[in-house]
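Under this note's numbering, the residue at position 153 of the sequence shown is numbered 341, and the numbers go up by one with no gaps.
Note that beta-carbon positions come from the ideal geometry of N, C-alpha and C, so glycine has one too.
Given the structure is predicted, the values throughout are model-derived calculations rather than measurements.
Reading through the structure tokens given below for one structure.
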Amino acid sequence: MGMYKYIKQTLQKEYATRSPEYRARLTAWGKQPAVIRVEKPTNLARARELGYRARQGLFVVRARIGRGSRKRKKPDLGRKAGKSGQFFTPGKSLQWIAEERSNKHYPNCEVLGSYWVGATGQDKYFEVILYDRMHGSNKELPQQVGRVFRGLTAAGKKRRAV
């Protein structure tokens, strides 16, 4: 077995047993900002599957997304009787929302991919791989602008059934 297989097994075991290290990690993440740049990926095996390499212009951001439905904005004037619900389910996965929020924090970058890293009762955590499209070392990566907002990442394509 290779190194990445052991990394995957370790992370799966931590999550399945809810090890003290996993719980401490989630507690620490809950006290940090909702979108924060991290030095290195938590799940290196998954990050490398999605195209992460330790080089300039490529970095990882952890995003915290609240679980559950989204609250609907109140209408300015009147509303139709059929639109009386207070909460609604957006037509996006939480992973896609995490990618969008991460991209809004780093507008000069594009999303390469993302993966799940943890969950509590209230939140889900995703790590999003971003790259600076103007950096010289990233010329072989997709040079599309606003990929995540048009559903061109893996999470967006899955939700759009493409």
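Can you check whether the CB of residue 309 is closer than 8 Å to the CB of residue 213? no
To the nearest angstrom, report how far apart residue 342 and residue 248 are at their CA atoms. 16 Å
Could you check where the beta strand (DSSP E) with residue 302 kicks off and where it finishes? 297-307
Could you give the distance in angstroms between the alpha-carbon of residue 285 and the alpha-carbon of residue 346? 13 Å
Are the Cβ atoms of residue 252 and residue 274 separated by less than 8 Å? no
Assess contact between the segment 281-300 and the segment 312-322, defined as three or more Cβ pairs (one per stretch) separated by less than 8 Å. Is contact present? yes
Looking at the structure shown, is residue 240 part of a helix, part of a strand, or coil, going by DSSP? coil
So, at 7 Å on beta carbons, what are the nonlocal neighbours of residue 335 in its own chain, with the 5 sequence-adjacent residues on each side left out? 298, 299 and 341
Going by C-alpha distance, which of 332, 250, 235 and 201 is nearest residue 293? 250
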